[in-house]
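A.B. asks:
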Amino acid sequence: MPLFAAIFEDDPEAAERVRAVAEDDHLAWLDRHRDQVLVAGALRPAEGGPPSGGLWLIEAETAEAARRICTEDPFYTQGLRKAFRLESWSRGFPKRPVTL
4 MPLFAAIFED DPEAAERVRA VAEDDHLAWL DRHRDQVLVA GALRPAEGGP
54 PSGGLWLIEA ETAEAARRIC TEDPFYTQGL RKAFRLESWS RGFPKRPVTL
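Take any residue in the sequence shown, note its place counting from 1, add 3, and you have its number in my numbering.
1) Are G56 and F11 touching if we call contact CB-CB under 8 Å?
2) Can you list the alpha helix (DSSP H) stretches of 4 or more residues lying completely in the region 36-97, in chain order?
3) Helix, strand or coil, according to DSSP, for L103 in the structure here?
4) Can you give me the C-alpha to C-alpha distance between L58 and I72, rounded to a whole angstrom?
5) Based on Cα-Cα distance, which residue from I61, T65, V24 and P5 lies nearest to T80?
6) Got a sec? Which residues, its chain only, sit under 7 Å from H29 by beta carbon, not counting five neighbours each side?
7) Which same chain residues end up closer than 8 Å to E64 when comparing Cβ atoms and leaving out the 5 residues on each side of it in sequence?
8) Consult DSSP for A9 and reduce its assignment to one of helix, strand or coil.
What follows is the structure, encoded as structure tokens:
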């Protein structure tokens, strides 16, 4: 099945407010969609600093299906995500197992 990388940019004006009310829902949503969102995590401009966005690796039939997954996340629906970019992703070593 195709893989996609989603790179999210957060709205700094909404970050504190949305994270306070939606973080638990966001994490629960990611857990429920773990078969599609294979890897997810925050992006920070500096180690230990506040998040400025996120990065996901998504397995989906089509780019449109991956885009729909991105827009259903509580961080997106509650206004934290200012924008996101979706790109097709392929593994450099397809036969090598990946463990995080």
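We treat Cβ as the ideally placed atom computed from N, Cα and C, and that holds for glycine. Given the structure is predicted, the values throughout are model-derived calculations rather than measurements.
C.D. replies: This is what the structure gives:
1) yes
2) 66-75 and 77-80
3) Residue state, collapsed to three classes: coil.
4) Cα to Cα, L58 sits roughly 13 Å from I72.
5) V24
6) Only D76, P77 and F78 meet the Cβ criterion.
7) Only M4 and P5 meet the Cβ criterion.
8) strand
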